[in-house]
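S.K.: Numbering (the working numbering), first residue to last: 1 to 248.
(1) According to DSSP, residue 52 sits in a beta bridge with which residue or residues?
(2) Expressed to the nearest angstrom, what Euclidean distance is found between the alpha-carbon atoms of residue 146 and residue 172?
(3) Which same chain residues end up closer than 6 Å to residue 59 when comparing Cβ atoms and leaving out the 5 residues on each side of it in sequence?
(4) Taking the straight line between their C-alpha atoms, what separation do you get for residue 76 and residue 213?
(5) By alpha-carbon positions, which one of 129, 162, 134 ends up nearest to residue 140?
(6) Using the three-state DSSP reduction, which class does residue 17 fall into: helix, strand or coil?
(7) Report all residues from its chain with a CB closer than 8 Å to the CB of residue 125; omit the five preceding and five following residues, and keep chain order.
(8) Within its chain, find whatever has a CB closer than 7 Å to the CB of residue 67; leave out the 5 residues flanking it on each side and keep chain order.
(9) Classify residue 11 as buried or exposed, calling it buried when 16 or more other Cβ atoms lie within 10 Å of its own Cβ.
(10) Is the stretch 7–24 in contact with the stretch 94–105, if contact means three or more CB pairs nearer than 8 Å?
(11) Which of the three DSSP states is assigned to residue 182 in this structure?
(12) For the stretch 62–144, list the alpha helix (DSSP H) runs that are entirely contained and at least 4 residues long, ordered along the chain.
(13) Let me know if residue 9 comes out buried or exposed under the rule of 16 or more other beta-carbons within 10 Å of its beta-carbon.
(14) If we count the other Cβ atoms within 10 Å of its Cβ and call it buried at 16 or more, is residue 266 buried or exposed?
(15) For residue 202, which residues of its own chain have a beta-carbon under 6 Å away from its beta-carbon, when the five flanking residues on both sides are left out?
(16) Is residue 230 helix, strand or coil by DSSP?
(17) Please confirm whether residue 71 and residue 182 have their CB atoms less than 8 Å apart.
(18) Give the straight-line distance between the Cα atoms of residue 42 and residue 200, rounded to the nearest whole angstrom.
(19) DSSP state of residue 8, grouped into three classes?
(20) Could you give the first and the last residue of the continuous alpha helix (DSSP H) run that contains residue 153?
(21) Between 82, 232, 209, 117, which lies nearest to residue 188 when the distance is taken from Cα to Cα?
(22) Cα-Cα, which of 108, 46, 56 is closest to residue 34?
(23) Between which residues of its own chain and residue 2 is the CB-CB distance below 6 Å, once the five residues before and five after are set aside?
(24) Inspect the beta-carbon positions of residue 142 and residue 160 and report whether they are closer than 8 Å.
(25) Using 8 Å as the threshold, is the C-beta distance between residue 192 and residue 167 below it?
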């Protein structure tokens, strides 16, 4: 079978993307400054590949504050609800959150007090907001890899914008023509496009999207906390970590 007839699988695109993507994307981005995950289970889809970087100073503060990964969506949602406020009340939380008083009082508030996000007023039902939640994600690229089904890949890449700063479709270069014909769709929705050459083992950047804030603060927060949990588990098992996760 000739190379032009050879069957190529999506899994063959991933090593090339891992090797070439960040360096091709920008001369200011060095692969060593990013961590990489394959098949990351987000709250809104599973990208084939993500490249991500933590903000070192924010991440160091989080570690120094000794606040572990927050894997409860109830608690994360509450932290986002109280963002920017100086004080809150139980009645405010009951009106704003879809939880009953027991869950708010004994699960959520107890956690927030224990981890220095809230302190209880001795005079009334007020709670003072001592610290605000910060995600430590500095940059997150999500990539969906497809051989030929670019439409499905496009819609999947679009979903990743709910938690990513940059979202990309990577398409096998043999089937690039129909995708490039629809490049205006990628530009309209700020989705990046690269083609992958399995013969030359490199990629070509067709469309570079602009930096964008994730569409959902909640999904972005959940994404960070899951990546933070990975960091904690790797550290606990004494596995070596890449530079963006090290505290120097």
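We put the CB at the ideal spot given by N, CA and C, even for glycine.
M.R.: Taking the definition as stated:
(1) Taking the chain shown and counting its residues from 1, one reaches residue 52 at position 52. Under DSSP, residue 52 forms a beta bridge with 35, 140.
(2) Along the chain shown, read from residue 1 onward, the residue named residue 146 stands at position 146. Along the chain shown, read from residue 1 onward, the residue named residue 172 stands at position 172. Taking C-alpha positions only, residue 146 is separated from residue 172 by approximately 7 Å.
(3) Residue numbering aside, residue 59 sits at position 59 when the chain shown is read from its first letter. For residue 59, same chain residues with a beta-carbon under 6 Å away, outside a window of 5 residues either side, are 136 in chain order.
(4) Translated into positions along the chain shown, residue 76 becomes position 76. Translated into positions along the chain shown, residue 213 becomes position 213. Looking at the backbone, the Cα of residue 76 and that of residue 213 are separated by about 18 Å.
(5) Against the chain shown, residue 140 aligns to sequence position 140. Just measuring C-alpha positions, the residue of 129, 162, 134 sitting nearest residue 140 is 162.
(6) On the chain shown, residue 17 is found 17 positions in, with the first residue counted as 1. In the structure shown, residue 17 sits in a helix (DSSP, three-state: H, G or I).
(7) The sequence position of residue 125 within the chain shown is 125, counting from 1. Closer than 8 Å at Cβ, skipping near neighbours: 89, 90, 91.
(8) The sequence position of residue 67 within the chain shown is 67, counting from 1. Hits under 7 Å: 115.
(9) Residue numbering aside, residue 11 sits at position 11 when the chain shown is read from its first letter. Under a 10 Å Cβ-count criterion, residue 11 is classified as exposed, with fewer than 16 other Cβ atoms of the shown protein chains found around its own Cβ.
(10) Taking 8 Å as the limit for Cβ pairs, the verdict is that the stretch 94–105 does not touch the stretch 7–24.
(11) As a first step, residue 182 is located in the chain shown; it is residue number 182 there, counting from the start. Coil, per DSSP.
(12) List check, alpha helix (DSSP H) in window: 73–81, 90–96, 110–114.
(13) Counting from one through the chain shown, the residue named residue 9 turns up at place 9. Classification for residue 9: exposed.
(14) With the chain running from 1 to 248 in the structure shown, residue 266 is simply not present.
(15) Counted from its first residue, the chain shown places residue 202 at position 202. Around residue 202: 20.
(16) Mapped onto the chain shown, residue 230 falls at position 230. Reduced to three states, the DSSP call for residue 230 is helix.
(17) To locate residue 71, count along the chain shown from 1; it is residue 71. To locate residue 182, count along the chain shown from 1; it is residue 182. No, they are not a contact pair.
(18) Taking the first residue of the chain shown as 1, we reach residue 42 at position 42. Taking the first residue of the chain shown as 1, we reach residue 200 at position 200. Cα to Cα, residue 42 sits roughly 32 Å from residue 200.
(19) Numbered from 1 along the chain shown, position 8 holds the residue referred to as residue 8. Residue state, collapsed to three classes: coil.
(20) Walking along the chain shown from the start, residue 153 turns up at place 153. Bounds of the alpha helix (DSSP H) holding residue 153 are 150–159.
(21) In the chain shown, residue 188 corresponds to position 188, counting from 1. Closest option to residue 188, Cα to Cα, is 209.
(22) Here residue 34 refers to the residue found at position 34 of the chain shown. Measuring from the Cα of residue 34, the nearest candidate turns out to be 56.
(23) In the chain shown, residue 2 corresponds to position 2, counting from 1. Caution is warranted here: a pLDDT of 47 is assigned to residue 2, below 50, making its placement in the model unreliable, and the coordinate value is therefore given only provisionally. Cβ neighbours of residue 2 beyond the five flanking positions: none.
(24) In the chain shown, the residue the question calls residue 142 occupies position 142. In the chain shown, the residue the question calls residue 160 occupies position 160. Cβ atoms of residue 142 and residue 160: closer than 8 Å.
(25) Start at 1 with the first residue of the chain shown, and residue 192 comes out as number 192. Start at 1 with the first residue of the chain shown, and residue 167 comes out as number 167. For residue 192 and residue 167, yes; Cβs fall inside 8 Å.
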